[in-house]
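Quick note: the sequence shown uses this note's numbering, first residue 3, plus one each step. Positions of the beta carbon are idealized from the N, C-alpha and C atoms, including for glycine. Note that the structure is a prediction, hence the values are computed from the model and not measured.
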Amino acid sequence: MSLVLDSSVTLAWVYSDETTDAVVEVFDLLRQGAAWVPQLWRLEVANALQMGVRRKCHDEEFRDATLADLSRLPIHIDNETDEQAWGATLDLASLHNLTLYDAAYLELAVRRKLALATLDAELRKAAHLQRVKLLGK
3 MSLVLDSSVT LAWVYSDETT DAVVEVFDLL RQGAAWVPQL WRLEVANALQ
53 MGVRRKCHDE EFRDATLADL SRLPIHIDNE TDEQAWGATL DLASLHNLTL
103 YDAAYLELAV RRKLALATLD AELRKAAHLQ RVKLLGK
C-alpha cells in the first residue's frame, strides 16, 4: 500500500516514547509498499532531529543514524510539490486554515489519491473533509 507520510508520524516512530501501535502499523504498511512525501519532509525531519541535538535530547550520532535508517525506507519525494504551492496547496491551506506546510501533505494525498498518515489534529480534520483516508491514530 502506498501512502503519504508526514513528519509527525515519522518523528513519533523515531522517538520511542511517542510511538503508538498506529504509528508502528503505518511503518509496517510503508515497508510493504511505499510512501510519498513532499519535498519539505526531509527538511522538517532533519530540523526536528537537529533541534533535539541542540536541546540535548539526543546526540549527533542518534540524529545521523536515524537519518540513515530513514533513507533506507521506500520513501519517495514528490517533485510536483513546489509546482502546486501557489495553486492547489494554497487553496487547501485557505479552505482549511492550514499552514502551507501541512497543506502540502494534504495536496499530495489528494492528487495521488493516497491515504495520509498524520498525527496533526487540524490536518486530520481537513483530510477528513477532503475525503482522504487517514492513518496514524
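Contacts around residue i, its chain only, beta-carbon distance under 6 angstroms, and the 5 residues preceding and following it disregarded
i           : result
residue 138 : 11, 24, 28, 119, 120 and 121
residue 46  : 9
residue 13  : 50
Nonlocal neighbours in the same chain, by C-beta distance under 8 angstroms from residue i, ignoring five residues either side
i          : result
residue 90 : 109, 112 and 113
Rounded separation between residue i and residue j - CA only
i           : j           : result
residue 38  : residue 58  : 30 angstroms
residue 130 : residue 3   : 19 angstroms
residue 128 : residue 73  : 29 angstroms
residue 96  : residue 86  : 14 angstroms
residue 126 : residue 136 : 7 angstroms
residue 21  : residue 76  : 20 angstroms
Delimiting residues of the alpha helix (DSSP H) encompassing residue i
i          : result
residue 11 : 9 to 16
residue 78 : Here residue 78 belongs to no alpha helix (DSSP H); instead the beta strand (DSSP E) covers 77 to 80.
8 angstroms contact criterion, which residue i and residue j should meet: CB distance rounded
i           : j           : result
residue 106 : residue 83  : 6 angstroms
residue 36  : residue 78  : 6 angstroms
residue 65  : residue 55  : 6 angstroms
residue 94  : residue 100 : 7 angstroms
Neighbourhood of residue i by C-beta, 7 angstroms cutoff - its chain only, sequence neighbours within 5 removed
i          : result
residue 34 : 3
residue 68 : 16 and 51
residue 60 : 54
residue 48 : 69
Test item: CB-CB of residue i and residue j under 8 angstroms
i          : j          : result
residue 7  : residue 32 : yes
residue 80 : residue 40 : yes
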